[in-house]
Amino acid sequence: MHEITGWIVDLFGRRGGEKYGIEDVTQREHALQTAALARESGAPAELVTAALLHDIGHLLGGAELPGDCAANLDDCHESTGFVFLNQYFGPAVAEPVRLHVAAKRYLCTVEPDYRARLSPTSLKSFHDQGGAMDEPELASFRREEHFASALRLRRWDDDAKDREPAGLELEMFLAELEEALVVQGSLR
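Under this note's numbering, the sequence shown has 155 at position 155, and the numbering climbs by one with no breaks.
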């Protein structure tokens, strides 16, 4: 196992049991369900890895997500996750993670019914993260190289909040994680 893979497993061991905002799932359960949905759809290793690690920015920071929706839920986790992931996995993993918040804003803007699919935490963070996109934002997002991957990731993200995940373990995704590694940086 590569050093960074071991470090990620340890991070999920230390912080993965934290609640995902006011949802009934933990950070680990949400990550595993998102990755499972990506794998089931036939996504390549890089996109399965992006699905698994899309919220790693929450775990890299010092604080847990607030436990209620009165607080601002925008912790810029997509940016924190992008910086970390780009060092070790490159753009095929890091870019969909960077864009998954924008993808939610995009989908809520172009598909009015999409907003009704959002969980309470996702709906609150949608507003905290900027709400609906204006025309220049929509056009800019559509020009992103990883636009399509970000939309796929976003849909899996919103479907991955089951209270009773079916026997998913982090170890089930280590092969994809290792395959997606490009290791440009080193752990500090």
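Cβ coordinates follow ideal geometry from the N, Cα and C atoms, glycine included.
Hey, quick one: how far does the alpha helix (DSSP H) through residue 93 stretch, first residue to last? 91-110
Take the Cβ of residue 72 as the centre, count every other Cβ of all protein chains shown within 10 Å, and call the residue buried at 16 or more, exposed below. In this prediction, residue 72 scores a pLDDT of 49, lower than 50, which makes its location untrustworthy; no coordinate-derived value is stated.
Compute the Euclidean distance between the alpha carbons of residue 101 and residue 3, then round it to the nearest angstrom. 29 Å
Three or more beta-carbon pairs under 8 Å between the segment 106-116 and the segment 137-150, yes or no? yes
Check each candidate in 28, 153 and 91 and name the one with the smallest Cα separation from residue 42. 153
Could you tell me the alpha carbon to alpha carbon distance between residue 177 and residue 85, rounded to whole angstroms? 11 Å
Could you work out which residue in 57, 173 and 179 is closest to residue 33 when comparing CA atoms only? 173
For residue 92 versus residue 47, is the C-beta spacing smaller than 9 Å? yes
When the Cα atoms are used, what is the spatial distance from residue 112 to residue 143? 21 Å
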